[in-house]
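> Residue numbers (the working numbering), protein chains in the order written: chain A, 18 to 259; chain B, 18 to 259. Cβ atoms here follow ideal geometry from the backbone N, Cα and C, with glycine treated the same way.
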DNA sequence: CGGCTACTTGAGTATTCTCAAATTGTGTGG
DNA sequence: CCACACAATTTGAGAATACTCAAGTAGCCG
């Protein structure tokens with residue numbers, strides 16, 4: 018009944034490998050030949066690491082989906098991103114003794130652990146690796162800045178539309194359908210990421226559905242009119258029917 | 018009349034140099050010995066670079082204050098940060114052909130231009146430089162994430178209070194007074210950075226002043242009660258007088 | 001002294017949040 | 001397999017917050 022590719026992602030392996038290696042001399046996936054990499058599996062809800070734990074490694078997501086949550090001393094909490102296959106997790110803790118955020122699996126997931134100290138020295142031996150790591154960090158900064166722009170300039174509806182298009186795009190890059198996928202995160206996580214409340218997210222999704230832009234039922238999402246969603250992000254009024 | 022250290026920052030040079038070099042084997046300031054560095058001066062309002070210009074170099078701020086602005090294709094604009102002495106500017110464009118944002122001097126400023134290609138190869142020769150660069154990028158990510166947390170979880174008043182404390186802290190690290198300084202940016206820039214409107218920022222500042230937490234007149238800022246501001250950020254109600 | 005921009009303040013509006021309730025799906029134990 | 005508890009989601013109504021529009025003030029520069 019459910020034709021959506023599940024977490025295993027076997028069919029997408031080639032596409033993903035291509036995108037991982039397209040940029041620069043070496044892909045992070047090739048590190049196997051230069052580093053001791055261990056595989057780690059996570060159940061849904063399980064923490065990859067918690068704030069305060071010693072920082073020793075980066076993680077390359079192979080399968081599944083994880084969220085990273087920023088935490089403040091006074092108990093506030095904010096989802097800062099969702100990580101999928103090909104994403105490097107843990108960069109925010111580089112150079113610190115301990116991790117600065119929580120990372121939690123939303124799905125059955127699998128990551129490769131890349132011990133950081135060996136990785137740094139490998140950068141000196143392996144040509145292109147250093148540039149690749151630096152590029153990945155810069156890319157992370159660009160992603161964060163891009164969301165700061167969205168959160169600072171868009172209202173609730175446009176934020177959600179933007180989020181859906183981003184998800185669709187990332188799914189497409191991984192070789193999955195951009196128009197039909199399963200949301201791995203609940204409404205509260207989406208809301209936190211978008212700096213909204215879960216009720217607002219729910220209402221916006223209902224409204225987008227009423228307009229025929231999407232079809233959503235719980236976690237199952239269909240993008241019916243990506244162009245219309247893009248218009249929505251750009252602030253164009255939906256054409257009035259008559 | 019004005020006893021605040023101005024842009025020249027001569028008195029703080031030693032302190033700053035210390036903080037620049039404290040972390041890791043080499044400070045970015047020592048790059049002079051390994052790279053062709055050229056100095057560049059900027060007048061207030063002048064662009065260091067614009068979105069779309071070819072990316073060739075990073076910049077180390079020596080004097081003054083700059084803002085970076087993220088831009089979207091449809092004309093939206095968001096200040097993503099303010100950069101002061103010791104900050105590395107341009108990291109968001111690493112690995113791309115062109116710059117992805119605008120950087121504008123708010124003040125008479127001076128930066129050192131670090132050509133990126135020579136810098137990358139210097140990373141292979143100069144021990145510790147690579148780790149230092151990576152650390153700086155990670156620090157940038159942490160700064161962004163920290164603001165994402167603030168913007169996502171705090172109301173207008175607490176955001177502004179948080180912003181003022183951050184400014185005070187950065188001033189202190191540079192050897193300036195944490196309790197008395199000049200805001201280099203106008204209300205609109207502060208508002209954009211905090212995802213608010215300038216009227217809201219203005220109102221909040223007035224309110225904080227009424228409560229005796231700050232004393233503000235245009236760009237001149239005095240922090241009268243840093244502890245009270247901290248309480249404000251943490252959501253504690255101000256003690257009711259009777 | 002204009003003319004300008006930056007800033008402040010007020011009043012009414014719009015959006016989002018809060019609180020509450022109803023619904024639905026899920027997993028567990030009987 | 002069913003009953004139940006529980007978590008996630010949806011929806012409504014009213015409240016709170018921040019925004020928009022507007023007016024007025026104040027410093028700055030030529």
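Between residue 233 of chain A and chain B, is there a C-beta pair that is closer than 9 Å?
Not one chain B Cβ lies under 9 Å of residue 233 of chain A.
> Listing by chain order, which chain A residues have their CB less than 7 Å from the CB of residue 117 of chain B?
Simply 159.
> Between residue 202 of chain A and chain B, is any beta-carbon pair separated by less than 9 Å?
No, no contact with chain B.
> According to DSSP, is residue 131 of chain A part of a helix, a strand, or is it coil?
Residue 131 of chain A: strand per DSSP, three-state reduction.
> Quick one: is residue 226 of chain A near chain B, going by C-beta distance under 9 Å?
So, not an interface residue.
> Please report the straight-line C-alpha distance between residue 199 of chain B and residue 237 of chain B, rounded to a whole angstrom.
Cα to Cα, the separation comes out at about 5 Å.
> Buried or exposed for residue 141 of chain B, going by 16 or more other Cβ atoms inside 10 Å?
Classification for residue 141 of chain B: exposed.
> Can you find a heavy atom of the ligand COA that lies under 8 Å from the Cβ of residue 183 of chain A?
For the structure depicted, the ligand COA is absent and the ligand set is empty, with no information on it obtainable.
> Among A:100, A:230, A:86, whose alpha-carbon lies nearest the alpha-carbon of residue 94 of chain A?
Closest by alpha carbon: A:86.
> Exposed or buried, what is residue 58 of chain A when buried is set at 16 or more other beta-carbons lying within 10 Å of its beta-carbon?
By the neighbour-count rule (16 or more Cβ atoms within 10 Å), residue 58 of chain A is not buried but exposed.
> Would residue 93 of chain A count as contacting chain B if we go by Cβ distances under 9 Å?
It does: the Cβ of residue 93 of chain A has a partner Cβ on chain B nearer than 9 Å.
> Using a Cβ-Cβ distance under 9 Å, would residue 147 of chain B count as near chain A?
Yes, because at least one Cβ of chain A sits closer than 9 Å to the Cβ of residue 147 of chain B.
> What do you reckon, are the CB atoms on residue 246 of chain A and residue 182 of chain A nearer than 9 Å?
In this structure, residue 182 of chain A lies closer than 9 Å to residue 246 of chain A by Cβ.
> So is residue 140 of chain A in contact with chain B if we call contact Cβ pairs under 9 Å?
Yes, residue 140 of chain A lies at the interface with chain B (some Cβ there is under 9 Å from its Cβ).
> Taking all protein chains shown into account, do 16 or more other C-beta atoms lie within 10 angstroms of the C-beta of residue 134 of chain B, making it buried, or fewer, making it exposed?
Flag for residue 134 of chain B reads exposed.
> Going straight from the alpha carbon of residue 83 of chain A to that of residue 109 of chain B, what length do you get?
C-alpha separation (whole angstroms): 24 Å.
> Quick check on the burial criterion: 16 or more other C-beta atoms within 10 angstroms. Buried or exposed for residue 63 of chain B?
Residue 63 of chain B should be labelled exposed.
> Among A:218, A:220, A:244, A:217, which has the Cα closest to the Cα of residue 230 of chain A?
Among A:218, A:220, A:244, A:217, the Cα nearest to that of residue 230 of chain A belongs to A:244.
> Can you grab the Cα-Cα spacing for the pair residue 218 of chain A / residue 186 of chain A, in whole Å?
About 20 Å.
> Could you pull out every unbroken alpha helix (DSSP H) segment of at least 4 residues lying fully inside the stretch 183 to 246 of chain B, listed in chain order?
For the stretch 183 to 246 of chain B, whole alpha helix (DSSP H) runs of length 4 or above, ordered along the chain, are 204 to 210, 215 to 227.
> Answer with yes or no whether the minimum CB distance from residue 246 of chain B to chain A is below 9 Å.
Residue 246 of chain B does not count as touching chain A.
> Since residue 151 of chain B meets chain A, which of its residues come closer than 8 Å, beta carbon to beta carbon?
Result: 111, 112, 137, 150, 151, 154.
> Using DSSP with H/G/I as helix, E/B as strand and the rest coil, what is residue 253 of chain B?
Residue 253 of chain B: coil per DSSP, three-state reduction.
> Please confirm whether residue 162 of chain B has its beta-carbon closer than 9 Å to some beta-carbon of chain A.
For residue 162 of chain B, the answer is yes, since a Cβ of chain A falls inside 9 Å of its Cβ.
> Using beta carbons (cut-off 9 Å, strictly below), is residue 108 of chain A in contact with chain B?
Cβ-Cβ to chain B under 9 Å: yes for residue 108 of chain A.
> Beta strand (DSSP E) containing residue 65 of chain B: first to last residue?
Looking at the DSSP string, the run of the beta strand (DSSP E) that includes residue 65 of chain B is 64 to 66.
> Evaluate contact between the stretch 189 to 199 of chain B and the stretch 168 to 181 of chain B, counting only Cβ atoms and requiring at least three cross-stretch pairs below 8 Å.
Contact between the stretch 189 to 199 of chain B and the stretch 168 to 181 of chain B is absent, because fewer than three Cβ pairs lie under 8 Å.
> Thinking just about the alpha-carbon of each residue, which of A:161, A:232, A:79 is nearest to the one in residue 126 of chain A?
Among A:161, A:232, A:79, the Cα nearest to that of residue 126 of chain A is on A:79.
> Please determine, among B:195, B:102, B:158, the residue with the shortest C-alpha to C-alpha distance to residue 118 of chain A.
Considering only alpha carbons, the answer is B:158.
> Rounded to whole angstroms, what is the Cα-Cα separation between residue 163 of chain A and residue 103 of chain A?
So the two alpha carbons sit approximately 19 Å from each other.
> For residue 89 of chain B and chain A, any beta-carbon pair shorter than 9 Å?
Yes, because at least one Cβ of chain A sits closer than 9 Å to the Cβ of residue 89 of chain B.
> Which residue's Cα is closest to the Cα of residue 100 of chain B: B:154, B:139, B:81?
Nearest C-alpha to residue 100 of chain B: B:81.
> Quick check on the burial criterion: 16 or more other C-beta atoms within 10 angstroms. Buried or exposed for residue 209 of chain B?
The residue is buried, with at least 16 neighbouring Cβ atoms inside 10 Å.
> Assuming residue 131 of chain B and residue 74 of chain B are in contact, meaning their beta carbons sit under 8 Å apart, how far apart are those beta carbons, in whole angstroms?
Between residue 74 of chain B and residue 131 of chain B the Cβ distance is about 6 Å, and since that is below 8 Å, they are a contact.
> Comparing C-alpha positions only, which one of A:252, A:47, A:233 sits nearest to residue 143 of chain A?
Per the Cα distances, A:47.
> So residue 65 of chain B and residue 120 of chain B are supposed to be a Cβ contact under 8 Å. How far apart are they, rounded?
Confirmed, Cβ separation roughly 4 Å.
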